[in-house]
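Below is one structure, written out as structure tokens; the observations come after it.
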Amino acid sequence: MTGRRLAILPGLAALAMLQPALAADWFVLSGVSHHFQQRRDWREINPGVGFERDHRRGPLGPWTFSAGYLRNSYDRASLYVGGRWTPLAIGPLRFGGFGLLATGYPSPVLVLPAAVIEGRHFGVNVLAVPNLPGYSGYVGAQIRFALE
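Have a look at this one:
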């Protein structure tokens, strides 16, 4: 992905977040990760900040749009923009997947299974990926704070 294409990511994120007031806004702190294959020196403390707009109560259904920055497990700066779809819910738990465009990874397109644990003012995003050929699986987490 060229630098010019990556430069439009923040604009796309802003457009995706311009929706009716039925959405809930969240401040996100990244996080931690644990990799299942220790063949390289992974960075498992991944500091970063982000913003999420949750559209569950609006016309878009179980979608949350997100954008942010973190220091990823490759120890690279990573800007990301994307969405999370969590159609399955059991009490405060929601399950689905993330689709993201991100810098600092071998591929700029990331599709990941996800779970969200959410209360009224606080939540946790959990990502879990199994070991794949040529790629270490991991479990990662972010903390979410409702903006009211």
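Just add 732 to wherever you are in the sequence shown, counting from 1, and you've got the numbering used here.
Ideal Cβ placement from N, Cα and C applies to all residues, glycine included.
Computed from a predicted model, the values in this text were never measured in an experiment.
- Between Leu802 and Gly763, what straight-line distance do the alpha-carbon atoms span, to the nearest angstrom? 8 Å
- Determine the extent of the beta strand (DSSP E) in which Gln769 is found, giving its start and end residues. Neither: Gln769 is in no beta strand (DSSP E) and is coded neither H nor E.
- Message: For Arg789 and Arg771, what's the separation of their Cα atoms in angstroms?
- Response: 43 Å
- Query: Tell me the DSSP bridge mates of Pro845?
  - Reply: Gly829
- Task: Measure the Cβ-Cβ separation of Leu792 and Gly814 and say whether it is below 7 Å.
- Result: no
- Item | Nearest to Pro862 (by Cα), restricted to the options Leu842, Trp758 and Phe768 | Phe768
- In or out: Gly851 buried (at least 16 other Cβ within 10 Å) or exposed? exposed
- In this structure, does DSSP put Tyr812 in helix, strand or coil? strand
- 6 Å CB neighbourhood of Arg876 in its chain, flanking five on each side removed: Trp758, Val760 and Gly855
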